[in-house]
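Undergrad:
In our numbering, the protein residues as written are 54 to 232.
Structure below.
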């Protein structure tokens, strides 16, 4: 692929540069020049360190995205409950949970909502294992008391990772928390 070609091209260039400095103007080799094996080992070590650093960076970015997204889901669920308790717009409020986004909505159902605000998730994170009473993917909070009939749980997780999960639980009092 392209990265293999780039590596070969890089190694060839490194070899030419070292060969240029390893010989003097009469073509005789300096005693302190580098051999091809020394250069290859040095480049190999640099490549391994770079790969390790890149893997660490990607992992830390995924963990940051997961924590931020999990907290955002909790915050919007709590916001919907607060709006319902306050009787804002004399309406019920809810959150629709989808794999790649979640949506705050006003109204008795998502389909009939009169106001929505979409919150997309980063490309590295998804909402999965939505397990709400009665099925579905909407959590709807009742006016005044903020309770919900859609109790259950869901996972915000790093795509393709079974161990990087931010679990969320919703109880019938409307309390939303990380588990």
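Positions of the beta carbon are idealized from the N, C-alpha and C atoms, including for glycine.
Please identify the residue among 112, 193, 221, 60 whose C-alpha is closest to the C-alpha of residue 161.
TA: Nearest of 112, 193, 221, 60 to residue 161, Cα basis: 193.
Undergrad: What three-state label does DSSP hand residue 196 in the structure shown?
TA: Coil.
Undergrad: With a threshold of 7 Å on Cβ separation, who are the neighbours of residue 182 within its own chain once the five nearest residues in sequence on each side are excluded?
TA: So the list reads 207, 208, once near-sequence residues are dropped.
Undergrad: Can the beta-carbon of residue 123 be found closer than 8 Å to that of residue 133?
TA: Cβ atoms of residue 123 and residue 133: not closer than 8 Å.
Undergrad: Short of 7 Å in beta carbon distance, which residues of its chain neighbour residue 155, apart from the five on each side in sequence? Order them along the chain.
TA: For residue 155, where only same-chain residues beyond five positions count, the Cβ hits under 7 Å are 126, 129, 148, 149, 172, 180.
Undergrad: Below 8 Å on the Cβ atoms is my guess for residue 201 versus residue 225; work out the distance and round it to an integer in Å.
TA: The pair is a contact, with the Cβ atoms about 7 Å apart (cut-off 8 Å).
Undergrad: Which residues does DSSP list as the beta-bridge partners of residue 179?
TA: BP columns for residue 179 point to 210.
Undergrad: Out of curiosity, what's the CA-to-CA distance linking residue 135 and residue 121?
TA: For residue 135 and residue 121, the distance between alpha carbons rounds to 21 Å.
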